[in-house]
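Enquirer:
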Amino acid sequence: MSYLAEYKKSDFKKVTWEEYGKTLEILFGKVDRYVKKNDIRIDAVVPILRGGSFPGTYLTFKLNLLKILPVQYKYFLSNDKIELKKIFSFPRSSFKDNKSPIFLLVENNHCFGLTASTAAKDLKKMFPDCKIIYAVDHIDYSYQKIDNVEKTFHGKLTNETKALNDKECKIKKIDNICYLFPWENLNEEMTTVKGKQFAYGDLDCVYKNSKLKVDLKN
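Taking the numbering used here, the leading residue of the sequence shown gets 805, the next gets one more, and so forth.
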């Protein structure tokens, strides 16, 4: 992740709960209209933890749903090694009598989209005939497409990967900043974007017991 060295603390803007709530309202409106127009019955909301728990729970309540089946993935960084691992997922037995469920996969801040793509791929492995709708509150303009989903909805476009220059951002009316969400820790974010491993309290145990999904090189 050598490109991450370009990030500075000044690149981050703290998002208030009020601002974040407005983005979630936009996201909900898009999902709700699509579901009603196409007469879709969502069988479960699948938030990608940790960040996806916030928009996932919000959408579950707004869509008058009950079933939340979270999955969790995490990047681990050490020396020249970057690994995307799956920490946990729900069991197939969650749908004993339904072989073709419709999932609402939910993410918070989609940058390159590898985590969401991996989650969608894993859902398809578990349920080959399932359909996946992808909802994300913030998504990078340059990496909006992911495989294995029927439709993607977002609340706000970003340039978190810095694939666009200032002029392009201005034309597309995208804020050329990185968003620091109300629950996030700037120290954790800065450590991560510099390509270093943040010292989580349960890091060793979680790393050891997680399944490797993608092995990347720095």
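For each residue, glycine too, the CB sits at the ideal point set by N, CA and C.
State the Cα-Cα distance for the pair T922 and Y879, rounded to the nearest angstrom.
Expert: Each residue's alpha carbon lies about 12 Å from the other.
Enquirer: Taking 7 Å as the cut-off, is the beta-carbon of N980 closer than that to any non-hydrogen atom of the ligand SAM?
Expert: The ligand SAM is not part of this structure, which contains no ligands at all.
Enquirer: Just how far apart, CA to CA, sit Y1004 and E829?
Expert: Near 32 Å, if we compare the C-alpha coordinates of E829 and Y1004.
Enquirer: For the putative contact between N952 and K974, defined by C-beta atoms under 8 Å, what is the C-beta separation to the nearest angstrom?
Expert: Not confirmed; about 34 Å, so no contact.
Enquirer: Can you say whether G833 is buried or exposed, counting buried as having 16 or more other CB atoms within 10 angstroms of its CB?
Expert: Label assigned to G833: exposed.
Enquirer: Which one of K960, Y945 and F985 has the shortest CA to CA distance from K966?
Expert: Looking at the Cα atoms, Y945 is the closest of the given residues.
Enquirer: Let me make sure I understand the geometry here. Which of I906, F985 and L1016 has the alpha-carbon closest to that of E954?
Expert: When only C-alpha atoms are compared, the closest one is I906.
Enquirer: Just the Cα atoms here: how many angstroms apart are F816 and N913?
Expert: Roughly 13 Å between the two C-alpha positions.
Enquirer: Is the separation between the beta-carbon of L961 and that of I978 shorter than 8 Å?
Expert: Their beta carbons are under 8 Å apart, which means L961 touches I978 by this criterion.
Enquirer: Name the DSSP bridge partner or partners of L881?
Expert: Beta-bridge pairing links L881 to I886.
Enquirer: Would you check if the segment 865 to 875 and the segment 993 to 1010 touch, i.e. whether three or more CB-CB distances between them fall below 8 Å?
Expert: Too few Cβ pairs lie closer than 8 Å, so no.
Enquirer: If we ignore side chains and look at the alpha-carbon of each, how far apart do E887 and L831 end up?
Expert: Those two C-alpha atoms are separated by around 30 Å.
Enquirer: Quick one: residues in its chain with C-beta nearer than 6 Å to the C-beta of Y1011, no 5 flanking neighbours on either side, listed in chain order?
Expert: Hits under 6 Å: F880.
Enquirer: Could you pull the start and end residues of the alpha helix (DSSP H) that A923 belongs to?
Expert: Start and end: L918 to M930.
Enquirer: Under three-state DSSP, which class holds C982?
Expert: Strand.
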